[in-house]
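Q: Have a look at the structure that comes next, please.
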Amino acid sequence: MTIGTPMLRKEDPKLLTGEGKFVDDIHVSGELWMGMVRSPMAHAKILSVDVSEALKMPGVHSAYSGADLNGMGLWAAPLPCAWPVTEDMVNPPHFPVAAEYARHVGEIVAVVLADSRYGAADAAEAVIVDFEQLPAVASLDEAVADSKMAHSDLSTNKAYHWALEPDNAAVEAAFANAAHTVTGNFVQQRMIPAAMEPRGVLAVPSPHGGELTLYSASQVPHLLKVLIAATTGLPENKLRVIAPAVGGGFGAKLNVNPDELLAATLSNKLAKPVRWTETRSEAAFSTHQGRGQNQRIELAADADGKVTGCRVHLDADMGAYMMLITPGVPLLGSFLYTGVYDIPAFGFTCDGHFTNLTPTDAYRGAGRPEASYAIERAMDMLAAEMGMDPAELRRRNYIAGGDHFENFTVSSTLAFDSGHYGPNLDKALEMADYDGLRAEQKKRRDAGDAKQLGIGMVTYVEICGLAPSRALGGLNFNSGGWEHATVRMLPTGKVEVVSGSTPHGQGHETSWSQIIATKFGMDPNDVEVLHSDTALSPLGLDTYGSRSLSVGGVAIAMAADKVIEKARLMAAHMFEAAPGDVEYENGSFSVKGTPAKSVHIAELGFGAFLAHDLPDGMEPNLQEQVSFDPPNFAFPFGTHVAVVEIDEGTGNVELLDYIAVDDCGNQVNPLIVEGQVHGGIVQGVGQALFEAAAYDEDGNCQNPSFLDYLVPSPMEMPNIKTDYTYTPSTSNILGVKGVGEAGTIGSAAAVMNAVVDGLSPHGVKDMKMPATPQRVWNAIQGVTV
Amino acid sequence: MLISDLCKTDSVNANNVAVQVKVNGASHSHEVEPRTLLVHYLREDVGLTGTNVGCDTSSCGACTVHLNGESVKSCTVLAVQADEMEVTTIEGLANGDEMHPMQTCFMNNHALQCGYCTPGMVMASVSLLDENPNPTEAEVREGLEGNLCRCTGYHNIVKAVLDAAGGQK
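Quick mapping for you: the protein sequence lines, in order, are chains L and D.
At the far end of the first sequence sits residue 1741, using this note's numbering, and the numbering has no gaps.
At the far end of the second sequence sits residue 173, using this note's numbering, and the numbering has no gaps.
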């Protein structure tokens, strides 16, 4: 089961039998449950907080208002924002519990601690808070209008203006000389990430030793450790953060949250373990949301359909506060608005705005699905404008004419590692029977069928492998982009891999074992992967941005190579040969010309441990470590085709078929790749057809629970037809690119292109997401909503 | 939040009720608050944490267990309603070291990623095949409508259940 084989996952037996432990499964004696008292208003002045009734309730230990906590000196700094995108970005202080103003529904205004889950919920309801309601900025449009302030002490809702404008004169010229122009105004609605495991935290103090262990349903235990220290003043060397089994993340568990800081500081202060698990309905307020952008994209093209210029402006909804990377999410997309196309002139601007809504931050793809949506919808608009087949328009504009290329610098200034878009499109169209679909579509249109076909396609590209640390520095992102790995040959010939990546469903234990199995010529079941615990894996930058394989996995391969080189010196010593004469193949060393005499790398662990007979100057033990900082990003791509059936009588859209041909470079485990593609696609389909966090004019979320926030169920999804092309990355030694977000980056635009295509006989040129039956039916009637 | 909305009582401790439930073949007796949900009873009183809680509106099915042989969402059953009844949880499905065929089919078809919805999904799938041993793909999708998964897109879950159905023949 080496690299490239569909090994079944090592993670599965535990998860299939209930043996896997999530945070809410872990209990310690004497633990206290936190209950959060949350603001019922989107914007209000807090006049008073009365916890006296709560304190009288059975089992209640203590209760605190925001002012109480501020007075206890628990906070060394506000909640962190790691990405101040401009020097003058407005970043209002944000503390775990609001003391003076509540700025979104669900912001914590007091916390109670009780000895049971139900007791904490009861006590939270007994806290009496007197609010004075203030006007709320309840939508991005209201924030842009700027007539009400989300923060009453600010004079504008605008938090920053950021521009990526390499050559504005070229953009102006492209539009001045264009034969065709199109403008798309798109709304990326707010999304509730909805990982199936709600977030939760458990802090266990050591009152006499001073250590603090924090269990959190987190994608980022390593970042959390540093940032808890920075925001609370608790000594970093006394902190241990563990992300046990984590039930999905999708970006929503990539933050530093009020509950985590409260658990850490209160458990330390009270010398008692403190825990909290969010309820699903609470998650719409206690966990950040995704998307929330208004996009304007303009394309200029010549008479042949060659796109010559692309100009983009975004207004982005920050929500009430800047969380860890809130302001940077649009920047992650900014470089991708020219997509897979060779568009010589490009300009991008973005304004970030505060609203009185739950903060936004990363959600699967983080900025890149939005970018892909805008360019791929705009390409379809241009094709419609020119009366050209959308596949043909794409083909005419691919980088390198659709041929294979390496290290191509696009007008947004990034150098794409490699691409080969033409054959990828061909394969997708062939799998979809594109010509047959168009014929069927024409037949139904001619017959005036009640159910009409819509066919949509995208060719997406994404930026993965976050990130060259210097590139992040250049963007003012206060984090590195490296990943760390240690590979350890144990005395008995088994291997331990220590990884700084933090899986939450991605199957790292399996993939990393396959990398070692390939490098060392051994059974992947003889490899154990240690991760997600800062005591076991002290160095790491965790899992997000489709980075784990192309940065973390590569670090493991590099560390394995270093182990091989050390072992080669040991083998040469043993064979009394020059190291240059020692060959290595499939785990075994032998001297050139005498293959009968050989030693397996696994047999060298014991000698390295004993250290009785090592070459002069060699350190004992056979282990090596690598911190890999990638020289460039990786740019996976793919072509997706969506086929929808639109019921003209009801407006219902059914996804009939979905074809995905992805290219993530070389694959370590095709089974896991396929799973990532499936899940990603369905999340984008959810955005296109079903999901939207809906707010009323007062800033109340109307659909916080799963009753009315429509996560796709098995009923809405077809089987997904997948295939692949393989264009190795030039950014790393494995030639891998990343696939965690790919499906989501392609699918929302593919489905919406199909919906608009299906409605085009009615003169429909665009439609807002989600394409609900009501919206579609109205469009058929000629009503724009 | 919703737990207390649904289950508010004035003096909870005085009203504790004795329940006796057979879980995975073993008898358990506890005194519980009348409002205690079966899923919290299983997780926090019996100590079997394999059954997960994914929502508070009976929508996601992560908490699916078998109650007297039929699948129920254990967040929608009170522990006191399970008094004198038999519960099977995900921990009770395997036969010693040997996984139940449905568990094996989930593994063989990569029908889980993060694994959080998985216990409920497996329990619902076992129940589905009990009722309809030879389902079509559409019937599997309809039968699992009450179980949500955010990772897999359902493709491989449906494949696993069809695989398990085929294996029963």
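Ideal Cβ placement from N, Cα and C applies to all residues, glycine included.
Because the structure is a prediction, the values reported are computed rather than measured.
Consider the Cβ of Leu148/D: report whether some Cβ of chain L lies at a distance smaller than 8 Å.
A: yes
Q: Taking 8 Å as the CB-CB cut-off, is Gly29/D touching chain L?
A: No, no contact with chain L.
Q: Which of the residues in the region 1644-1675 of chain L, read from start to end, lie with their CB under 7 Å from any CB of chain D?
A: Ser1661, Phe1662, Leu1663, Val1667, Ser1669, Pro1670, Met1671, Met1673, Asn1675
Q: Taking 7 Å as the limit between beta carbons, can you name the residues of its chain near Lys1522/L, skipping five residues before and five after?
A: So the list reads Leu1578, Glu1580, once near-sequence residues are dropped.
Q: Taking only beta-carbon atoms, is Met1387/L less than 8 Å away from chain D?
A: no
Q: Would you list the residues sitting across from Glu35/D in a DSSP beta bridge?
A: Ala22/D
Q: Let me confirm a value: Glu74/D is counted as buried when at least 16 other C-beta atoms fall within 10 Å, else exposed. Which label applies?
A: exposed
Q: Given 8 Å as the limit, is there contact between the region 1257-1264 of chain L and the region 1274-1289 of chain L, that is, 3 or more CB pairs closer than that?
A: no
Q: Can you tell me which of the three DSSP states Lys1553/L falls into?
A: strand
Q: Is the beta carbon of Ala1000/L sitting closer than 8 Å to the one on Glu1088/L?
A: The answer is yes: Cβ separation under 8 Å.
Q: In the DSSP assignment, find the beta strand (DSSP E) that holds Val1443/L and state where it starts and stops.
A: 1439-1445
Q: With DSSP as the reference, label Asp1345/L as helix, strand or coil.
A: coil
Q: To which residues does DSSP link Gly1375/L through a beta bridge?
A: Phe1361/L, per the DSSP bridge assignment.
Q: Please identify the residue among Gln1397/L, Ala1648/L, Ala1616/L, Glu1604/L whose C-alpha is closest to the C-alpha of Val1732/L.
A: Glu1604/L
Q: I'd like to know whether the C-beta atoms of Arg1155/L and Glu1234/L end up nearer to each other than 8 Å.
A: yes
Q: Between Arg145/D and the rest of its own chain, which residues show a CB-CB distance below 8 Å, the 5 nearest in sequence each way excluded?
A: The answer, listed in chain order, is Tyr158, Val162.
Q: Taking DSSP as the reference, what is the three-state secondary structure of Tyr1665/L?
A: Correct three-state label for Tyr1665/L: coil.
Q: Locate the beta strand (DSSP E) running through Ala1019/L, then write down its first and last residues.
A: 1016-1021
Q: By the criterion of Cβ-Cβ separation under 9 Å, what are the contact partners of Asp981/L in chain D?
A: What Asp981/L touches in chain D: Arg47, Thr53, Gly54, Asn56.
Q: Given this structure, state the Cα-to-Cα distance separating Cys1620/L from Asn1353/L, to the nearest angstrom.
A: 21 Å
Q: Hey, does Asp968/L have any beta-carbon neighbour from chain D nearer than 8 Å?
A: By this cut-off, Asp968/L is an interface position.
Q: Do the CB positions of Ala1245/L and Thr1311/L come within less than 8 Å of each other?
A: Ala is not the amino acid found at residue 1245/L; the sequence shown has Gln there. Taking 8 Å as the Cβ cut-off, Gln1245/L and Thr1311/L do not qualify as a contacting pair.
Q: Counting along the chain, where does the alpha helix (DSSP H) carrying His1464/L start and finish?
A: 1464-1476
Q: DSSP state of Phe1087/L, grouped into three classes?
A: strand
Q: In chain L, which residues lie less than 7 Å from Thr122/D when you measure between Cβ atoms?
A: Leu971, Leu972
Q: Between which residues of its own chain and Gly171/D is the CB-CB distance below 8 Å, once the five residues before and five after are set aside?
A: Excluding its 5 nearest sequence neighbours in each direction, Gly171/D has C-beta neighbours in its own chain below 8 Å: Pro105, Cys109, listed in chain order.
Q: In terms of residues, what are the limits of the alpha helix (DSSP H) holding Cys109/D?
A: 105-112
Q: Rank Ser1716/L, Thr973/L, Tyr1074/L by C-alpha distance to the C-alpha of Arg1401/L and give the top, closest one.
A: With distances taken between Cα atoms, Arg1401/L lies closest to Ser1716/L.
Q: Closest to Ser995/L by CA distance: which of Glu1396/L, Gly1642/L, Ser1004/L is it?
A: Distance check between Ser995/L and each of Glu1396/L, Gly1642/L, Ser1004/L places Ser1004/L closest, using alpha-carbon atoms only.
Q: Alpha carbon to alpha carbon, what distance is there between Leu1349/L and Met1335/L?
A: 8 Å
Q: Are the Cβ atoms of Ser63/D and Leu1663/L separated by less than 8 Å?
A: Cβ distance < 8 Å, so Ser63/D and Leu1663/L count as in contact.
Q: Using 8 Å as the Cβ pair cut-off and three pairs as the minimum, do the region 1145-1153 of chain L and the region 1649-1656 of chain L touch?
A: Counting Cβ pairs under 8 Å, three or more are found: they touch.
Q: Mind checking if Ser63/D is an interface residue toward chain L, Cβ cutoff 8 Å exclusive?
A: yes
Q: If we ignore side chains and look at the alpha-carbon of each, how far apart do Asp1479/L and Met957/L end up?
A: 7 Å
Q: CA-CA distance, Gly1437/L and Ser1502/L?
A: 12 Å
Q: Does the Cβ-Cβ distance between Gly1747/L and Ala1070/L come in under 8 Å?
A: Outside the displayed span of chain L (957 to 1741) sits residue 1747/L, for which this structure offers no information.
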